[in-house]
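*Asks:* In full-length UniProt numbering, the protein residues as written are 1 to 293.
#1: Quick one: Cα of residue 33 to Cα of residue 60, how far?
#2: Please report the distance separating the alpha-carbon of residue 24 from that of residue 41.
#3: Decide if the region 194 to 213 is in contact with the region 59 to 79; the criterion is three or more beta carbon pairs, one per stretch, under 8 Å apart.
#4: Straight-line CA distance for residue 72 to residue 100?
#5: Mind checking residue 219: buried by the 16 CB within 10 Å criterion, or exposed?
#6: Taking just the CA atoms, how far does residue 285 sit from residue 263?
#7: Verify whether the separation of the beta carbon atoms of residue 95 and residue 104 is less than 8 Å.
#8: With contact counted as at least three CB pairs below 8 Å, one residue from each stretch, are the region 126 to 138 and the region 267 to 278 in contact?
#9: Using the rule of at least 16 other Cβ atoms within 10 Å of the residue's Cβ for burial, across every protein chain shown, is residue 267 buried or exposed?
#10: Do residue 217 and residue 235 have their beta-carbon atoms positioned less than 8 Å apart in this structure?
#11: Could you tell me the distance, in whole angstroms, from the CA atom of residue 208 to the CA atom of residue 39?
#12: Beta-carbon within less than 7 Å of residue 248's beta-carbon, same chain only, minus the 5 sequence neighbours each way: which residues are those?
#13: Hey, residue 198 and residue 149: beta-carbon distance below 8 Å or not?
#14: Exposed or buried, residue 129, counting other C-beta atoms within 10 Å across all chains shown (16 or more means buried)?
#15: From the DSSP secondary-structure annotation, give me the bridge partner or partners of residue 231.
#16: Which class does residue 51 belong to by DSSP, given the choice of helix, strand or coil?
#17: Which of the three DSSP states, helix, strand or coil, is assigned to residue 281?
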């Protein structure tokens, strides 16, 4: 199911998705307009009902239009690369970030203890997300599913270790939104910002991207790839599945006679001390290089 560009759709399937999302948006807009008209002409007791229905369908329209636009942006980036106007195949989340006006984005999908699935849009997001893994705290790791907007003044108070380290990268504010529809979130979408205060537009844009990814890449009906079992969606072309961290955790539990949380803490501490990523430290353990003195 690979399209040869690092994505997981061929272009015809991607265009079909874009058109389907635009069709759903148009249908929602028609329903919303009908209720908006009825809201003005209906009897007084029915106007609140039509108002609620209009708002509901306008929100639905917005989600589908956002999904269409972010996938259309990726399709355009693929076209540019195929035509020789770009040197390297486009990464899906990079194209999404550019379309949304937020350069540094990270998708974190929750897994078991010591595991994570991460997709990032640029090196800043990659390094910031790795700091969260090192310190075990940060906006991407919030499993409550509550969206959050955190300006420069709150970074260090909310995350005492991640906050100061993130500022050294130039991250001065973050916005996070939940991925998934159920009570238990599937993950988070995090925007790392160089501006000290994330504005309302960026917060809403991040939320719309999260809703679009939930409705497409993470939808239960999304077809799975027969080869690797991942959803057939270009997001997963850039997936970094940190199963090696889980493997290294298990090895340390045996070698150090400790539980999973202590083993993961040892990996994080060593990564921080050596100024390397958690993945690099985990690979050393799995490859049986001596990671601890």
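Every residue gets a Cβ at the ideal spot worked out from N, C-alpha and C, and that includes glycine. None of the values given here were measured: they were computed from a predicted structure.
*Replies:* Let me lay it out:
#1: 13 Å
#2: 26 Å
#3: yes
#4: 12 Å
#5: exposed
#6: 11 Å
#7: no
#8: yes
#9: In the assembly as shown, residue 267 is a buried residue. Its beta-carbon has 16 or more other beta-carbons within 10 Å.
#10: yes
#11: 27 Å
#12: These residues qualify, in order along the chain: 267, 282, 285, 286.
#13: Cβ atoms of residue 198 and residue 149: closer than 8 Å.
#14: Buried, by the Cβ-count rule.
#15: 224
#16: helix
#17: Residue 281 falls in the helix class under three-state DSSP.
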